[in-house]
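See structure below.
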Amino acid sequence: MKIKIAPSILSAKKEILQKEVEEIEQYADLMHIDIMDGRFVPPITFQPKEIKKLKTRLLKDVHLMVERPSEFIDRFIDAGAGIITIHEECKEDISKTLDYIRSKGIKTAISINPPTKLDKIKPYLNKVDMVLVMSVNPGYAGQKFMPEVLPKIKELRRLKPKLNIEIDGGITTDTIKQAVDAGANVIVAGSAIFGKKDRKKSIEELKRAIKN
Ligand code: DX5
Ligand code: ZN
């Protein structure tokens, strides 16, 4: 499967977000947008209007780390979301929420935190375009990669050879290869891209690290 790079703008400079996005646009495949509600995880991040303002040719990959997705979905569809990820651990009906997103013509994804077993999402695999496997506990950029989640990716890849599997958290030139070898094909990276001065080079280095 083609490997896609999804820079996470959580690590970009908020004051110059449009410029930050333009810098990576040519080299990336999706734009990963972390939305937090201050309840599912302590921080609060972007507002829909900030995301709506962002002009990009990249697919807006909206990762909802929120307790109640229904309070966010419509506003992020209006902000241009191309795919919306909800968490298995949220407080709403997963099946109904995925159906709702699909009914709006938007791609769907489901995410699981590191402690959550793969079995929990097996009933929804026919309702999603992608599964996001968290490789850190959600909430913050720059955390250490948790290799113990890799067996979940391996099993999922075995079950669903063509499914998009996204990995999020702690991806660097040291960890990306393990993620891809396990079966992930959509790779989120925040600090490994926006934490570096030369973003083009940082994306090239990540891609090169897969081949080594
Ligand atoms: C973490 C977020 C990630 C974060 C990744 O809760 O979901 O998308 O931006 O940042 P890095 O790549 O620095 O771990
Ligand atoms: Zn994320």
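Plus 27 on top of the position in the sequence shown (first one is 1) and you've got my numbering.
Glycine included, each C-beta is placed from N, C-alpha and C at the ideal position.
Is the distance from the Cβ of residue i to the Cβ of residue j below 7 Å?
i           : j           : result
residue 161 : residue 191 : no
residue 6   : residue 117 : This structure gives no information on residue 6, because the portion of the chain shown stretches from 28 to 239.
residue 196 : residue 163 : yes
residue 130 : residue 169 : no
residue 209 : residue 233 : no
residue 48  : residue 72  : no
residue 50  : residue 226 : yes
residue 172 : residue 124 : no
If you follow the beta strand (DSSP E) that residue i is part of, which residue opens it and which one closes it?
i           : result
residue 48  : Looking at the DSSP string, residue 48 is not in any beta strand (DSSP E); the run it does join, the alpha helix (DSSP H), is 44-52.
residue 89  : 86-92
residue 55  : Unbroken run through residue 55: none, as it is neither H nor E.
residue 159 : 157-161
Mind checking which residues open and close the alpha helix (DSSP H) that includes residue i?
i           : result
residue 124 : 121-130
residue 218 : 218-221
residue 75  : 75-80
What residue from the options has the CA that sits closest to residue i's CA?
i           : options               : result
residue 144 : 153, 109, 181 and 172 : 181
residue 64  : 153, 104 and 98       : 98
residue 90  : 238, 33, 123 and 223  : 33
residue 238 : 136, 214, 204 and 211 : 204
residue 75  : 147, 67, 212 and 102  : 102
residue 132 : 207, 31 and 111       : 111
residue 114 : 73, 83 and 68         : 68
residue 36  : 60, 88 and 200        : 60
residue 187 : 122, 158, 142 and 51  : 158
residue 88  : 134, 146, 212 and 124 : 134
residue 153 : 165, 172, 166 and 121 : 121
residue 216 : 198, 127 and 146      : 198
Please work out which residues of its chain come closer than 6 Å, Cβ to Cβ, to residue i, disregarding the five sequence neighbours upstream and downstream, and give them in chain order.
i           : result
residue 86  : 57 and 109
residue 221 : 38 and 39
So, at 7 Å on beta carbons, what are the nonlocal neighbours of residue i in its own chain, with the 5 sequence-adjacent residues on each side left out?
i           : result
residue 79  : 105, 106 and 107
residue 224 : none
residue 128 : 100, 111 and 135
Return the chain-ordered list of same chain residues with a C-beta closer than 8 Å to the C-beta of residue i, the five sequence neighbours on each side being excluded.
i           : result
residue 231 : 54
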